[in-house]
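Protein chains: 4
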Amino acid sequence: MQQTKTMDYNAPSEVKEIEVVNTLELEERAGQIVPHGGFHYMSGGSGDEFTLRKNIESFNYKGILPRVLADVEHPDSSTSILGHDIRAPFIMAPIAAHGLAHQSKEAGTARGVAEFGTIMSISAYSGAKFEEIEEGLNGSPRWFQIYMSKDDEINKAIVDEAKADGATAIILTADSTLSGNREKDIRNKFVYPFGMPIVSRYLTGTGEKMSLNNIYAQSKQKISPQDVTFLSDYSGLPIFVKGIQAPEDAIIAIEAGASGIWVSNHGGRQLDGAPGSFETLEVIAEAVQGRVPIVFDSGIRRGEHIFKALASGADVVAIGRPALYGLALGGWKGVKSVFDYFDKDLKRVMQLAGTQTVEDIKNTTLFKNN
Amino acid sequence: MQQTKTMDYNAPSEVKEIEVVNTLELEERAGQIVPHGGFHYMSGGSGDEFTLRKNIESFNYKGILPRVLADVEHPDSSTSILGHDIRAPFIMAPIAAHGLAHQSKEAGTARGVAEFGTIMSISAYSGAKFEEIEEGLNGSPRWFQIYMSKDDEINKAIVDEAKADGATAIILTADSTLSGNREKDIRNKFVYPFGMPIVSRYLTGTGEKMSLNNIYAQSKQKISPQDVTFLSDYSGLPIFVKGIQAPEDAIIAIEAGASGIWVSNHGGRQLDGAPGSFETLEVIAEAVQGRVPIVFDSGIRRGEHIFKALASGADVVAIGRPALYGLALGGWKGVKSVFDYFDKDLKRVMQLAGTQTVEDIKNTTLFKNN
Amino acid sequence: MQQTKTMDYNAPSEVKEIEVVNTLELEERAGQIVPHGGFHYMSGGSGDEFTLRKNIESFNYKGILPRVLADVEHPDSSTSILGHDIRAPFIMAPIAAHGLAHQSKEAGTARGVAEFGTIMSISAYSGAKFEEIEEGLNGSPRWFQIYMSKDDEINKAIVDEAKADGATAIILTADSTLSGNREKDIRNKFVYPFGMPIVSRYLTGTGEKMSLNNIYAQSKQKISPQDVTFLSDYSGLPIFVKGIQAPEDAIIAIEAGASGIWVSNHGGRQLDGAPGSFETLEVIAEAVQGRVPIVFDSGIRRGEHIFKALASGADVVAIGRPALYGLALGGWKGVKSVFDYFDKDLKRVMQLAGTQTVEDIKNTTLFKNN
Amino acid sequence: MQQTKTMDYNAPSEVKEIEVVNTLELEERAGQIVPHGGFHYMSGGSGDEFTLRKNIESFNYKGILPRVLADVEHPDSSTSILGHDIRAPFIMAPIAAHGLAHQSKEAGTARGVAEFGTIMSISAYSGAKFEEIEEGLNGSPRWFQIYMSKDDEINKAIVDEAKADGATAIILTADSTLSGNREKDIRNKFVYPFGMPIVSRYLTGTGEKMSLNNIYAQSKQKISPQDVTFLSDYSGLPIFVKGIQAPEDAIIAIEAGASGIWVSNHGGRQLDGAPGSFETLEVIAEAVQGRVPIVFDSGIRRGEHIFKALASGADVVAIGRPALYGLALGGWKGVKSVFDYFDKDLKRVMQLAGTQTVEDIKNTTLFKNN
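Quick mapping for you: the protein sequence lines, in order, are chains A, B, C and D.
Heads up: the first sequence begins at 1 in the working numbering, then just goes up one per residue.
Heads up: the second sequence begins at 1001 in the working numbering, then just goes up one per residue.
Heads up: the third sequence begins at 2001 in the working numbering, then just goes up one per residue.
Heads up: the fourth sequence begins at 3001 in the working numbering, then just goes up one per residue.
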């Protein structure tokens, strides 16, 4: 395969509503218009991609039994988390480098998310600056995801900037102190075609023409409970620890001051041969015992998946790749189309399952499929 | 894909006996002669069609161990349900819009079912009127399946009409207050090419050129135990609640006055990612404890399947798609061919399993396959 | 597909040793030279052929752990059953109509089996007469498999003839009072191209140009424990009841006078959707508790399979299709090649597993594979 | 297929670093340059190759849950075994006839292993002499793997020679007193294209133009605990018993004087239908109870696999086929590339799993995947 030519990376630029029959096929459609290296970076997983596949398949290990005499009509999918009322129990997951998908970069995603009516997560590896993203958000709620610097003074500066931008929570990604074994990126010799303004403080160079390995190597590789405490104390904001797969880590994070647990296996991009993220959710929820909210990601593609995650202990889920494919296919309108799809599909499932509210979903017992 | 042209929907019209080596291949054969949109509507399921596939596969989770010294010959497959003596422990399932399969519509199916000697279920979404269906039934027993109107006066009128037609039971479909996520129909922009006379009372328009979503939206979306009681009280007929997958719903239905439980996941057309219908049967039967009869559908394609359903708690099973494919391929004679096939195949299984009667089947313990 | 032309059925006739790298590929090789209808009759199973596949696959549910310090060399695979010393713990299974595979018919198989040094099972549906088979056996031990007539006087005559021929045991096939749902035969409109002299006493016609359904319909369809007792009392020979899959049937058979249990699902040709025969062996052996010997068939293709069956409760196994393919490919020499292969392969497994004798195999505990 | 022409077996000869994106594809790449018969000998397994496949697949039965707040950076993969400090917890497995892969034979492998910094295992079936291998090893540590002669005087002479060469441990391969059923070799009529100088003492001929069956037949086929004791007493070196799959054998070996247990199923080349070697590791480790070190092989292809084996009871793992493919593709530099890859990949996994040292890996509890 050829090296991705970073100089002339031509991301799509069209802005339009898109038809979403299902989100799985969005990947194929996006693959036809997003440059090769960028598409593989977005869609790929680590190793054999066993865990990537399991993330989706594992939802079928449990089934929703319809409750057909529940007297439900017009189910209400709205909920709230950490004081934010949101239109539906899903938010935007933090993802690096949206510019790979669309020329509007994170600003496009942000606008789609805001217009839909839920929370935007801004990645520290954003290719857009806070002020550019604000053009899309237009005051709508946002959380900030941090990859920490080795230097806490830089971390303070980044947190300060995020707070100034209006972030109401910090998401500490703890599962990626170095990159998973993403073979597609290795084969493509993938490097980012543009810089990362938010973390350029601690990068030698701006991030442009750097591989993920290079970038991770310059960020903090040694995350500990003290980092959770530090971020919490310094920012005064609620801290989510993202990348939790072991129940023990959830407990450690809470004891260190985390205000939320973010169950994720990084979309199957870190440790391969691990269980589907959904397989770990229930035991983590049992360990958390409702002390803090749980966000879940990795594998959400359908309304059924959202329902099952909520019935297994999540308070909200985060949408990753499908939103990015929507961005590629239709800019901010494409993102909104994807979020609208999820809400419509979730409501259908709620109705068929006999659940009026998000709380009803959480009280549902799933069936263990054979 | 092109939009189905509703104006010139050309359903098959041939009437002839058909060879049934197995019912699975009938689908393929029907697909060659039934117009594209209609065929996909009939054959498709929701979402990934995981549950559609599981409906058939799950029968292999249990095995029939032959009893070879049982002194059985000429097994008797006849049985009775709610006072009707029927030739075999299977009946016709309620299915909408048989006209998609054959120009004789429900009248064709009805005649095939009646000539075979079992019960016809008439769907509220029939494309034929009661009197047209009676031409096929010619006095043979029938049950009426209702999708309720939001307006109980209309429901009363529909029930009155069904009773006047001679229905001896009402099947309340409770699992479909809106349509499952049937992607094939969405892609095909499928609309019904003809009207639905029975429910035209509550449809704006007649049902013609309407999608299933439109039609469901005009029917009652809020089904509760009170609806069971209402139908039971008003009609004086036994009420089956159809679409039961959760044991709790079976209990609620019985307490609300249901005279029968109809275990079904709507042929994998509603909630996807759910277990095969057969997987839920045993626990539902345990909850019902024999208080009322159980009808089972979703996935029956072979005599072994009928046997396994009966051995797992069903009193009779209902045949859906295979009968419709028989209708497409041979009109009423095709339907009868399919029912004859099932009876012959069931009797073969009864003989090999060492069971003389339907009661013997029910007393059989299945083997849990690896 | 065309109807098999019975008049000019040209079975192979070559006699030669064959190379057996594995017995699975013999099926493919035989399929190239055996006429279409005959090959499908031999190789096919019932229904979806789920059970046919499971018969082989299920051996992989348990694994042999090598015992590497067992001080074993030159393992001895010889054993004895019902007083016959045999060269290896496997015998020829009773199979109908060997003439489909080779012009030497059962006489060819018999010679290959006798030259190898184990027991021949002669099927009541043999296409050769006893005296023809004797030409191959040349005094070597044989058991006779019976499909009973509805008329016990005829049964007596058949038993008399088998005894006169030197049969030392009777195998009562109890699982086939009618034919399984063999779709390939139905499609091929398969009929036997030659007669069945042994059972011609009770057949209208000789069996020639009859389907298996016709023939079974004329045999006894009502097998009971009394039949076991009758055969035992009248013949004075040990009786195996063949087709046992349920532990209860094993107990009933023994109580009725059976001297042996033959665990089999008729090579996946009767009830489909049933477990692999190997899956049922262990529980049957537990029910038998060593009171009588157990013969196992259905799925044996490798030395590992023989070992696993013996370690799960069988005393000997019976070889079916592989021997018939050997017959097709090389006449009696081909049959012997197949039996030689099994012995060589079994001894290799015995050596690697650290077992010196057949008794050692029986005392081996298998590992439950994941 | 044609017989491998032994006279003109042209093994690759290039020496170069190779790119290792993953080791699975090395097999395909090696298959393009290694002569047919030699490649099949190296890559093939026995029987259906079920166990060969399971060796790799079974690692996915358990998952590593990342520990993300473990305060880990720059993990240290070094360890020691039997007094040798090694760079990483993996060594070279004993493999016969490296000359099939590369003209530098075992000397090439030895140099790659030594340059990497771990232990070389020299096979008794080496195609190179000790002194040739020493050219590659250059004083680096080595263990000697023995296939015993039937004559203990010869065994003494071989052990003497190995000790003189500097071997610090003896690996007694106990699982291969004859060859597994390797169908590819049978079809290829594979014979070694060159001799085996170390065991030529007990071979009629030198090993050249002999099949593995011939060679095994001349070695000792009767391995017992006494052989372990003999080797231990005579050599004064620690003895590993290799090929342990049953916990009982581990106990017997230790009681007979083994200083180490080598869990292996010979790369799926002996008993087929057996579990993946990884499936047996945990129960063996429980039986060993830490009394002696455990080496594990069969199926290691990724850093995750090494991690999982260590977390399941192994002290070090041994690399087989991937190293040989590396040898084929790049001579000693190719071997070193493969070992470097494993170390880099393992360290990545250690970091992501939150484990600083090999001891931390051993203390990790894995997640049972669904």
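Beta carbons are placed, not taken as given, at the ideal position from N, Cα and C, and that holds for glycine.
Alpha-carbon to alpha-carbon, residue j and residue i
{"i": "residue 2354 of chain C", "j": "residue 3226 of chain D", "result": "15 Å"}
{"i": "residue 1344 of chain B", "j": "residue 1303 of chain B", "result": "8 Å"}
{"i": "residue 3260 of chain D", "j": "residue 3168 of chain D", "result": "13 Å"}
{"i": "residue 3092 of chain D", "j": "residue 2035 of chain C", "result": "54 Å"}
{"i": "residue 3009 of chain D", "j": "residue 192 of chain A", "result": "47 Å"}
{"i": "residue 32 of chain A", "j": "residue 328 of chain A", "result": "10 Å"}
{"i": "residue 2173 of chain C", "j": "residue 1248 of chain B", "result": "46 Å"}
{"i": "residue 2074 of chain C", "j": "residue 2339 of chain C", "result": "18 Å"}
{"i": "residue 2275 of chain C", "j": "residue 2313 of chain C", "result": "17 Å"}
{"i": "residue 322 of chain A", "j": "residue 368 of chain A", "result": "27 Å"}
{"i": "residue 1298 of chain B", "j": "residue 361 of chain A", "result": "26 Å"}
{"i": "residue 2376 of chain C", "j": "residue 2250 of chain C", "result": "With chain C covering only 2001 through 2370, there is no way to say anything about residue 2376 of chain C."}
{"i": "residue 288 of chain A", "j": "residue 119 of chain A", "result": "23 Å"}
{"i": "residue 3175 of chain D", "j": "residue 2300 of chain C", "result": "24 Å"}
{"i": "residue 1215 of chain B", "j": "residue 3349 of chain D", "result": "55 Å"}
Which of helix, strand or coil DSSP assigns to residue i
{"i": "residue 18 of chain A", "result": "coil"}
{"i": "residue 2967 of chain D", "result": "In the structure displayed, chain D extends from 3001 to 3370; residue 2967 of chain D sits before or after that span and is not available."}
{"i": "residue 2365 of chain C", "result": "coil"}
{"i": "residue 119 of chain A", "result": "coil"}
{"i": "residue 3319 of chain D", "result": "strand"}
{"i": "residue 2337 of chain C", "result": "helix"}
{"i": "residue 3357 of chain D", "result": "strand"}
Minimum Cβ-Cβ distance from residue i to chain B less than 8 Å
{"i": "residue 2225 of chain C", "result": "yes"}
{"i": "residue 2032 of chain C", "result": "no"}
{"i": "residue 21 of chain A", "result": "yes"}
{"i": "residue 1953 of chain C", "result": "With chain C covering only 2001 through 2370, there is no way to say anything about residue 1953 of chain C."}
Within-8 Å CB hit, residue i to chain C
{"i": "residue 3175 of chain D", "result": "yes"}
{"i": "residue 3155 of chain D", "result": "no"}
{"i": "residue 1367 of chain B", "result": "yes"}
{"i": "residue 3301 of chain D", "result": "no"}
{"i": "residue 3275 of chain D", "result": "yes"}
{"i": "residue 3221 of chain D", "result": "yes"}
CB contact check: residue i to chain A, cutoff 8 Å
{"i": "residue 1253 of chain B", "result": "yes"}
{"i": "residue 997 of chain B", "result": "The first residue shown for chain B is 1001 and the last is 1370, placing residue 997 of chain B beyond what the model contains."}
CB contact check: residue i to chain D, cutoff 8 Å
{"i": "residue 203 of chain A", "result": "no"}
{"i": "residue 2370 of chain C", "result": "yes"}
{"i": "residue 189 of chain A", "result": "no"}
{"i": "residue 279 of chain A", "result": "yes"}
(request) Pick out the complete alpha helix (DSSP H) segments inside the region 1058 to 1117 of chain B, 4 residues or longer, and give them in chain order. (result) 1105 to 1116
(request) Report the residue ranges of all beta strand (DSSP E) runs contained in full by the region 2233 to 2305 of chain C; include only those spanning at least 3 residues, in chain order. (result) 2239 to 2244, 2260 to 2263, 2294 to 2296
(request) Could you name the residues of the region 40 to 73 of chain A whose beta carbon sits closer than 7 Å to any beta carbon of chain B, in the order they occur along the chain? (result) 59, 60, 63, 64, 65, 66, 67, 68, 69, 71, 72, 73
(request) Give, in chain order, every residue of the region 2331 to 2355 of chain C whose Cβ lies closer than 8 Å to some Cβ of chain D. (result) 2345, 2348, 2349, 2351, 2352, 2353
(message) Report the start-end ranges of each beta strand (DSSP E) in the region 133 to 183 of chain A that is 3 residues or longer and not cut off at the edges.
(response) 142 to 146, 170 to 173
(request) Output, in sequence order along the chain, the residues in the region 3303 to 3324 of chain D whose CB is closer than 7 Å to any CB in chain A. (result) 3304
(message) Tell me which residues of the region 1133 to 1148 of chain B have at least one Cβ-Cβ distance to chain C shorter than 9 Å, keeping chain order.
(response) none
(request) Mind checking the region 231 to 265 of chain A against chain D and listing, in chain order, the residues whose C-beta falls within less than 9 Å of any C-beta there? (result) 241, 242, 243, 244, 245, 246, 247, 248, 249, 252, 253, 256, 265
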